[in-house]
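Q: Following this message is one structure expressed as structure tokens.
In my numbering, the protein residues as written are 1 to 202.
And the structure:
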């Protein structure tokens with residue numbers, strides 16, 4: 001696990017902009033991602049992976065709310081954060097990609113190692129994907145250090161809040177699923193309507 005000023009500052013930044021349950025989630029996601037990285041025989045930038053996992057959900061913070069989907073708001077904030085600490089543009093873009101695409105695994109798992117590993121760590125903690133690939137003792141140790149703190153319900157509430165306040169940002173990400181199931185009157189824009197309403201005769 002990299003113990004560097006950049007990672008230390010990223011931990012502090014995540015803590016500053018996350019509710020406790022969400023901070024624990026990103027810490028677990030990082031630890032799971034680092035464990036999975038250790039099982040693969042391929043090079044990767046451990047700092048970029050750490051920062052990406054630690055900051056992947058800051059877009060859920062009220063302080064980061066904006067007009068874009070929450071992953072992009074978070075990615076934009078994270079990129080500015082690492083630029084401010086002297087990270088070069090290539091690495092800053094890797095951080096951006098890892099965060100903006102982490103909830104779109106059908107794309108992110110096929111990008112650079114750091115982005116794919118970030119998605120694997122997040123997916124393991126969020127949805128249990130790859131749960132059996134980590135020894136149960138390792139999972140228990142990580143969860144004991146960073147308890148889940150009613151994450152399923154708290155995360156659901158956070159995403160439903162986005163569906164209520166900014167439904168236009170949820171039509172092409174997983175937030176739509178939460179809106180359709182839990183938010184009365186929710187209606188995300190439909191891409192079918194966009195196509196059929198396009199200003200062309202056919």
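Even glycine gets a Cβ: it sits at the ideal position worked out from N, Cα and C.
Just so we're clear, the structure is a prediction, and the values are computed from it rather than from any experiment.
Can you give me the C-alpha to C-alpha distance between residue 24 and residue 135, rounded to a whole angstrom?
A: Rounded to whole angstroms, residue 24 to residue 135 spans 20 Å at the Cα level.
Q: Out of curiosity, what's the CA-to-CA distance linking residue 81 and residue 178?
A: Roughly 29 Å separates the two Cα atoms.
Q: Going straight from the alpha carbon of residue 60 to that of residue 163, what length do you get?
A: Going from the Cα of residue 60 to the Cα of residue 163 covers about 12 Å.
Q: Identify every run of the alpha helix (DSSP H) within the region 74–148, keeping only runs that are complete inside it and at least 4 residues long; order them along the chain.
A: Fully enclosed alpha helix (DSSP H) runs of 4 or longer: 89–100, 105–108, 113–127, 136–145.
Q: Taking 7 Å as the limit between beta carbons, can you name the residues of its chain near residue 159, skipping five residues before and five after?
A: Closer than 7 Å at Cβ, skipping near neighbours: 175, 178.
Q: Residue 74 and residue 58: beta carbons closer than 7 Å?
A: Yes. Within cutoff.
Q: Could you check what DSSP says for residue 174 in three-state terms: helix, strand or coil?
A: Coil at residue 174, not helix or strand.
Q: Note down the Cα distance separating residue 118 from residue 45, rounded to an integer number of angstroms.
A: Straight-line Cα distance between these residues: approximately 11 Å.
Q: What is the rounded straight-line gap between the Cα of residue 2 and the Cα of residue 146?
A: Rounded to whole angstroms, residue 2 to residue 146 spans 18 Å at the Cα level.
Q: How far does the alpha helix (DSSP H) with residue 165 in it extend, from its first residue to its last?
A: Start and end: 151–165.
Q: Is the region 101–119 in contact with the region 33–42, if contact means three or more CB pairs nearer than 8 Å?
A: Taking 8 Å as the limit for Cβ pairs, the verdict is that the region 33–42 does touch the region 101–119.
Q: Quick check on the DSSP output: the alpha helix (DSSP H) that includes residue 53 runs from which residue to which?
A: Element bounds for residue 53: 46–55.
Q: Do residue 26 and residue 95 have their CB atoms nearer than 7 Å?
A: Cβ distance not < 7 Å, so residue 26 and residue 95 don't count as in contact.
Q: Along the chain, where does the alpha helix (DSSP H) that runs through residue 11 open and close?
A: It spans 5–16 - the alpha helix (DSSP H) in which residue 11 sits, taken as one unbroken run.
Q: Out of 28, 42, 8, 63, state which residue places its alpha-carbon closest to the alpha-carbon of residue 18.
A: It is 63.
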